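*Asks:* As you go down the protein sequences, you meet chains A, B, C and D in turn.
Under my numbering, the first residue of the first sequence is numbered -1, with each subsequent residue one higher.
Under my numbering, the first residue of the second sequence is numbered -1, with each subsequent residue one higher.
Under my numbering, the first residue of the third sequence is numbered 12, with each subsequent residue one higher.
Under my numbering, the first residue of the fourth sequence is numbered 12, with each subsequent residue one higher.
The following block contains the structure, expressed as C-alpha cells.
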Amino acid sequence: MTGDGNAADLTGAEAKAWLLAFAERVIADADELTELDRKAGDGDFGWNISSALKRGREGLAGIEGEHPAQVFQTVSDAFLASGGTSGPLFGLWFGRLGSGPFAPWDVPELGAAFGRATGAVRRLGKAEVGHKTMVDAMAPATDALTETSTGVWRDAVADAARAARAGADSTGGMIAHRGRASYLGERAQDVLDPGAVAVAWFFECAEGA
Amino acid sequence: MTGDGNAADLTGAEAKAWLLAFAERVIADADELTELDRKAGDGDFGWNISSALKRGREGLAGIEGEHPAQVFQTVSDAFLASGGTSGPLFGLWFGRLGSGPFAPWDVPELGAAFGRATGAVRRLGKAEVGHKTMVDAMAPATDALTETSTGVWRDAVADAARAARAGADSTGGMIAHRGRASYLGERAQDVLDPGAVAVAWFFECAEGA
Amino acid sequence: MSRFFMNERETLVEQALEGLVEAHGGLVDVRTDPLFVTRRVPTTGKVALVSGGGSGHEPLHTGFVGQGMLDAAVPGDVFASPTALQVRAAIQAADTGEGTVMVVKNYTGDVLNFSIAAELLSETHRVEQVLVDDDLATQKEDEGGPGRRGTAAVVAVEKICGAAAEAGAPLDEVRELGRQVVARSATLGVSFEACTNPMTGRRSFDLEPGEMEFGVGIHGERGIETRSTTGAAELVESLVTPLVESVGLRRGDSVLAIVNGLGATHGLELGVAARETRRVLDGRGIGVARSLVGPYVTSLDMKGLSITLTALTDDLVKFWDAPVRTPALVW
Amino acid sequence: MSRFFMNERETLVEQALEGLVEAHGGLVDVRTDPLFVTRRVPTTGKVALVSGGGSGHEPLHTGFVGQGMLDAAVPGDVFASPTALQVRAAIQAADTGEGTVMVVKNYTGDVLNFSIAAELLSETHRVEQVLVDDDLATQKEDEGGPGRRGTAAVVAVEKICGAAAEAGAPLDEVRELGRQVVARSATLGVSFEACTNPMTGRRSFDLEPGEMEFGVGIHGERGIETRSTTGAAELVESLVTPLVESVGLRRGDSVLAIVNGLGATHGLELGVAARETRRVLDGRGIGVARSLVGPYVTSLDMKGLSITLTALTDDLVKFWDAPVRTPALVW
Ligand SMILES: Nc1ncnc2c1ncn2[C@@H]1O[C@H](COP(=O)(O)OP(=O)(O)O)[C@@H](O)[C@H]1O
Ligand SMILES: Nc1ncnc2c1ncn2[C@@H]1O[C@H](COP(=O)(O)OP(=O)(O)O)[C@@H](O)[C@H]1O
Ligand SMILES: [Mg+2]
Ligand SMILES: [Mg+2]
Ligand SMILES: [Mg+2]
Ligand SMILES: [Mg+2]
C-alpha cells in the first residue's frame, strides 16, 4: 500500500505497519501466551514478549521506516534488551532480518533474510523442528518463503503464515526438548508452545498491515 | 636464708622463693579470689591470676635467680602474657620491679623499686586509694616499705604485709570507681576487691620463703 | 521484610555501580542505557576482554575491570543474565579492532545472551568465547545436559587472559589461554548457611544445626549433598581431594589455589581455609605456587567458601603475576 | 553448634594468620610466641607504626601491614585485646631506632595493654600513642567515662601515619598527624543483623523483622537505638547528618568518606551506600574528595555498615594518596 518501490516488494513502511500490528496483537492477547507458559514453563512469556514489543513500538514511532532492515533492527533492539529465553532469541531473529538489504525487499530477498534469521536461532538455541519451540513455527514458515513461486511479498507471507500456524499447532502433542518445558516431559505434552504460537501470530499480522 | 650477700638484703634466691610461695598460695586458693570476682566482676580473676602464676612458676624454674630484678622480670612476663585487667597491671608492677638493681636489694632499694612499680600501676590504671582496686593494697604496702626504719628486708616486708592486709580489708565497704565492679555500684559494696586481696597475699608470702 | 540495604530493587544494580565509580573513579566508568562498566581510559591496540553475568557475585565481574584484566563487564540483575543488548554495546565499546574475547560462565542465560551478542556482531567484529565450567559439583555423564557451572575459576581466566591481552597477545592466543585455564581448573564449594533473597529476606534453603551443604554453586541453589559439619582440616580435605583428581594433579605439580568466600564468610575463616589447603596439598607433594584468598565470587550473603585449583605452567604463572589494577585486584 | 569455619577455637587466630601469609607471603610475615605480624622485609630508618587489637575485625589490623602503612600488627583473640607482652615484642621488632607510634582504638583492654607495653619500654624506646575514638554513638558528656569507641577511622589514621612515616617524618610529626586525623573524623554504624558468636552460633542480639540497630560498634554490642528499617537514601542521611555536625563540616569542605562493611554486607549494598553518601554530602556542598568502600573493619559476620567522614587538608590528601602495599590495601 504505502511504499515507493514495486508494490510486489516489502517496503520499510509496510514492514513498520506489519510490526505495529504484531505488537498490537501480542499486547492485546498476552494473557493467552502467558497461560501457555504457565502450563509448560514459568508463566512469564506473555509479559516478556509484550514488554519487548511495547519498547519496540516506541522505537518504531521514532523512525521513518526507510527500509525493512531498519524496522526489524529496531524491533530487534527491543527484544535484545529483554530477559527470559525468548527475548534474546527473538532479538537475534529480528536482528538477522535487520542486516538484510537497505531497500525494499523482493520475495527472494525476503526468503533469504528469514533463512539467515531462522538459521541463527536454530544454531544458537540448538533447537530443531520437533523440539517444541519457536523453531517449530519459524522453520516451516521460512521454508514456505524460500520455496514460494509468487513474486508478491504479501502472498509469500500468507503462505508462511499458514505454514507457521500448522507448525505451532504441531507442537501440541510434542514432548519438549528445549527450554523450561523440557523439565516437564509428558506432563506438558498437550500444551502448545507459546513461542511457536507467537511466531504464527507474527506472520498472520502481515495481512492487515 | 640462702643468699650470698648481707642477710639484711633481698637476694635473688630469696625473691625466687618468695614468688614461688606466692604462686603456690594463689594456685591453691584461686577459688576464693574467683568467688570475690564473681560477686563484684566477671568471675575470672582466680583463673587469670593463677594461670599467669603457673606460667610464672615455669619461668622461674628455668632461671638461676641471680638477683631480684631477674626474678620479678620473669614473673612480669608471665602476667603480661595474660588477659583480663589484672594481668597487664600485675605485669607492669612486676615489670617495674624487674628494672631494679641487678644485685641483692637493701631496704631503701626495695622501697624505691616498689615505689616506682606502684606509681606506674596508679598512673596506668588511673586508680587511687579508695577506688577499690589492687592499688588499695599496693599503696599502703609501698608506703610502709619506704617509710620503715628497719634495715632488714624481711622486717620491712612484714610491715608491708600488715599494711596491705589492712588496705585489702578496707575495700569491703568501698564503692568501686575502677574496673568491672564499678558497674555494680552499691550492690558490690560489701565485697572485698580480689586484686587487693591478692596483693596482701603476695606480701604475706615473704614470711615463709 | 528484607534486611538488604538498598533503595528500590529496580535501581539496585545501577546505584551500586555508581558507588563503584565513587570508590574507583580512577579505574572504571559506568555507562548506562544499556548498563555496563568500562575502564576509565579505554586501552587501544589490544584484544578486548569482556565478561559479565548476573549481579550478586560482586566483586565479580565489575570489580575486575581495569588495566591487566577486563576492558568491560556487563552486569545483569541479581542472579539474572545481562541482556544481549548490553553485551553487544559493551563489546562495541571495548573492541578497538583487535577483536574481543568474551569470558562467559556456563549458565543457559549467560551463554545465550553472550552468544547472540557475538552473532549479531559477526559481520563487523571478531568475537571469541571462553566458556568457564569449573564446578565439579555439576559434573554429569550425559552429553545433552547444560554441563558444569562456571564459578570461581573465572577469576583466574580473567586475570590470565587480561595479562596476555595487555601484553599484546593476538585474539586466538588469548582465547586459547583462557580455554587452557578452564581445562586445568576445578572448583568445589560448601555452604554453612544459604543466602537470603534481597526482596523477601528468606534463605534459599534451610540447614539444621550441625549440617552443611556440600557442592553448592553461586546462586543459592542446594548442592549435591547435605553433610554433617566438620572441622576445617577435614572439610578442606574433602573439597581438595576431588579437585586434585579432576585436574589430574600429581606429585611435583604446582597450582594456583583460589580460596573464595561466598559472601558472609569472615577473613579469619578464609585464612584458616587457605592454611588447610596448603597443608592438604603439601601432604600430596603438590606445591601451592600462588594463592588468592578472599571474597571474589560471592553469592549475596551466603556463608561458605569454594576452593579452586588451577594447574600452573610457567606461562600461566607469568600472566598471573603480571601487574593488575582493578577495583578488586591490584598488584 | 557453630557454623564458623575453623579447627579449634584456641588455634583460630594463629591459623588464620598462617593463611594470611599463605596469601600475602610477599608482604607480611607472622611471628609466634608471642604472636604478631610484621612486614616481610622490615624497613629501617623510619618511625615504626604499630597497631593491633582484638581479632574478628579482619582485615584490620593484620591486613594493613606493609609498605606505606603498618610495620607490625598485634592480634588478640576474637574481640579480646592482645597482651602487653605481644605488644612489647612487636614494638621491639618494629622499632629500628626512630621511635614507634602505636595506633590504639579506645577500648579499656587495648589502651591498658598498649600503654603498659610502652611503659615497660620507656627506658629503651621512644613510644608515642595515637588514641582513636571516632565513634559518635558513644559520645557522652561525663568526663570520667571511657570515652568514645575507636572504629573505622583507624584505617585513615594507619594509612596517613603510615605514609608520613614512610616519607621520613619524625616521631612527633607522625603522632601529631594521627591525632589530627582523629580530631577530624567521626563514625556512625548501623546493623541489620547482629554477628554470631563463633562458638555458640548465637547472635549477639535479636532484631524483629523491620528493625535495625542504630549506633552499633564492632563487637556485636547493641547500639543506641532500635529503629525501623528505611531505604538506603534515608538511612545514609541519618548517619551522615550527625557526622557532618560533629566534624564541623561546612560548605566547600572536602572529606574522605569510608563506607565500611561490618562483615556480611554485600558489595552491592556498600556500593549503594557510597552513592548515597556522595549524594547527601553533595546536597550540603561538601565534596567527597576520596572514598574507601569495602569491608575494612568488620565485626565477624555482622550485617551492617558504618560511615566515617574525615575532614581533609592538602597534607592529609597527599598522605592518603601515597603508595601503599598491604594485603588489604594497595595503590
Ligand atoms: N533452546 C531454545 N531454542 C529456541 N527456542 C526456545 C529455546 N528454549 C526456549 N525457547 C522458546 O522460548 C519460549 C519461552 O520463552 P520465555 O518464557 O521468555 O523463556 P523462560 O523459559 O526463560 O521464561 C518457549 O515457548 C520456546 O518457544
Ligand atoms: N583501673 C584499674 N586500676 C587498677 N586495678 C584495677 C583496675 N581495674 C581493675 N583493677 C583490678 O583488677 C581486678 C580484676 O581483674 P580481672 O578479673 O583480671 O579483670 P577483668 O575485669 O578484666 O575480668 C580487680 O579486682 C581490681 O583489683
Ligand atoms: Mg517463561
Ligand atoms: Mg522466565
Ligand atoms: Mg574479672
Ligand atoms: Mg575478665
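We put the beta carbon where it would ideally sit given N, CA and C, even for glycine.
Since the structure is predicted, the reported quantities are computational estimates derived from the model, not experimental observations.
In the DSSP assignment, what residue or residues form a beta bridge with asparagine 271 (chain C)?
*Replies:* C:Gly305, C:Ser317
*Asks:* Of the residues that make up the region 76 to 88 of chain A, which ones have a beta carbon closer than 8 Å to any beta carbon in chain C?
*Replies:* Leu78, Ala79, Ser80, Gly81, Thr83, Gly85, Pro86, Leu87
*Asks:* Ligand 2 and threonine 83 (chain B): does any heavy atom of the ligand fall closer than 7 Å to the residue's C-beta?
*Replies:* yes
*Asks:* Rounded to a whole number of angstroms, what is the C-alpha to C-alpha distance between glycine 189 (chain D) and serine 133 (chain C)?
*Replies:* 58 Å
*Asks:* Measure the C-alpha to C-alpha separation of arginine 42 (chain D) and glycine 274 (chain D) and round it to an integer number of angstroms.
*Replies:* The alpha-carbon atoms of arginine 42 (chain D) and glycine 274 (chain D) are separated by roughly 26 Å.
*Asks:* Would asparagine 208 (chain C) count as contacting chain A if we go by Cβ distances under 8 Å?
*Replies:* Chain A contact via Cβ: absent.
*Asks:* Between the C-alpha atoms of histidine 136 (chain C) and glycine 108 (chain C), what's the straight-line distance to the nearest angstrom?
*Replies:* 8 Å
*Asks:* So what's glutamine 78 (chain D) in DSSP terms, helix, strand or just coil?
*Replies:* Residue state, collapsed to three classes: strand.
*Asks:* Who are the near neighbours of alanine 175 (chain C) in its chain, counting only those whose CB is closer than 6 Å to its CB and skipping five residues on each side?
*Replies:* Within the same chain, Val185, Leu188, Phe330 come within 6 Å of alanine 175 (chain C) by CB-CB distance, once the 5 residues on both sides are set aside.
*Asks:* If we cut at 8 Å on Cβ distances, does alanine 118 (chain B) have a partner in chain D?
*Replies:* yes
*Asks:* Quick one: does tryptophan 331 (chain C) have its CB under 8 Å from some CB of chain D?
*Replies:* no
*Asks:* Please specify which runs of the alpha helix (DSSP H), each continuous and at least 4 residues long, are wholly inside the region 180 to 242 of chain D, giving them in chain order.
*Replies:* 182 to 194
*Asks:* As a quick exercise: from D:Arg238, D:Ala91, D:Lys57, pick the residue whose alpha carbon is nearest that of glutamate 219 (chain D).
*Replies:* D:Arg238
*Asks:* Just the C-alpha distance for phenylalanine 200 (chain A) and alanine 186 (chain A), rounded to the nearest angstrom, thanks.
*Replies:* C-alpha separation (whole angstroms): 24 Å.
*Asks:* Just reading off the alpha helix (DSSP H) that threonine 55 (chain C) is part of, what are its end residues?
*Replies:* No alpha helix (DSSP H) holds threonine 55 (chain C); DSSP gives it neither H nor E.
*Asks:* Which residues of chain B have a Cβ atom closer than 7 Å to the Cβ of glutamate 25 (chain D), listed in chain order?
*Replies:* Those within 7 Å of glutamate 25 (chain D) in chain B number zero; the least Cβ separation is about 14 Å.
*Asks:* Can you find a heavy atom of ligand 4 that lies under 7 Å from the Cβ of methionine 121 (chain C)?
*Replies:* According to the sequence shown, residue 121 (chain C) is aspartate rather than methionine. For ligand 4, not one heavy atom lies less than 7 Å from the Cβ of aspartate 121 (chain C).
*Asks:* So does the region 130 to 138 of chain A actually touch the region 113 to 122 of chain A, counting three or more Cβ pairs closer than 8 Å?
*Replies:* Yes: at least three Cβ pairs fall under 8 Å.
*Asks:* So which of C:Asp144, C:Arg233, C:His277, C:Leu81 has the shortest CA-CA distance to alanine 197 (chain C)?
*Replies:* C:Asp144
*Asks:* Against chain C, does methionine 80 (chain D) count as a neighbour if the rule is that its beta carbon must be under 8 Å from one of theirs?
*Replies:* no
*Asks:* Return the CA-CA distance between tyrosine 118 (chain C) and glycine 177 (chain A), expressed in angstroms with no decimal places.
*Replies:* 13 Å
*Asks:* From histidine 230 (chain D) to valine 138 (chain D), what distance separates their C-alpha atoms?
*Replies:* 28 Å
*Asks:* What I want to know is whether the C-beta of aspartate 326 (chain C) ends up closer than 7 Å to one or more non-hydrogen atoms of ligand 6.
*Replies:* Not so, every heavy atom of ligand 6 lies at least 7 Å from the Cβ.
*Asks:* Any C-beta of chain C sitting closer than 8 Å to the C-beta of glycine 93 (chain A)?
*Replies:* It does: the Cβ of glycine 93 (chain A) has a partner Cβ on chain C nearer than 8 Å.
*Asks:* Would the beta-carbon of tryptophan 151 (chain A) fall within 8 Å of that of aspartate 29 (chain A)?
*Replies:* No, Cβ-Cβ distance for tryptophan 151 (chain A) and aspartate 29 (chain A) is not below 8 Å.
*Asks:* Cβ closer than 8 Å: which chain C residues qualify as neighbours of leucine 122 (chain A)?
*Replies:* Leu123, Ser126, Ile127, Glu130
*Asks:* Where does threonine 0 (chain B) fall in DSSP's three states?
*Replies:* In this prediction, threonine 0 (chain B) has a pLDDT of 43, which is less than 50 and means its spatial position is unreliable; nothing more can be read from the coordinates.
*Asks:* Determine whether the beta carbon atoms of alanine 204 (chain A) and valine 133 (chain A) lie at a separation below 8 Å.
*Replies:* no
*Asks:* Indicate whether at least one CB of chain A lies closer than 8 Å to the CB of threonine 198 (chain C).
*Replies:* no
*Asks:* Could you give the residue range of the alpha helix (DSSP H) that holds glycine 37 (chain D)?
*Replies:* Under the DSSP assignment, glycine 37 (chain D) falls outside any alpha helix (DSSP H); it carries neither an H nor an E label.
*Asks:* Reducing DSSP to helix, strand and coil, say where alanine 148 (chain D) ends up.
*Replies:* Helix.
*Asks:* Just the Cα atoms here: how many angstroms apart are aspartate 104 (chain B) and alanine 164 (chain B)?
*Replies:* 25 Å
*Asks:* Run the proximity test for threonine 131 (chain B): is its beta-carbon closer than 7 Å to any non-hydrogen atom belonging to ligand 2?
*Replies:* yes
*Asks:* Between which residues of its own chain and alanine 244 (chain C) is the CB-CB distance below 6 Å, once the five residues before and five after are set aside?
*Replies:* Glu287
*Asks:* Identify whether glutamine 140 (chain C) lies in helix, strand or coil by the three-state DSSP scheme.
*Replies:* Looking at glutamine 140 (chain C) - three-state DSSP - the assignment turns out to be strand.
*Asks:* Using a threshold of 7 Å, is the CB atom of phenylalanine 203 (chain C) nearer than that to any non-hydrogen atom of ligand 5?
*Replies:* no
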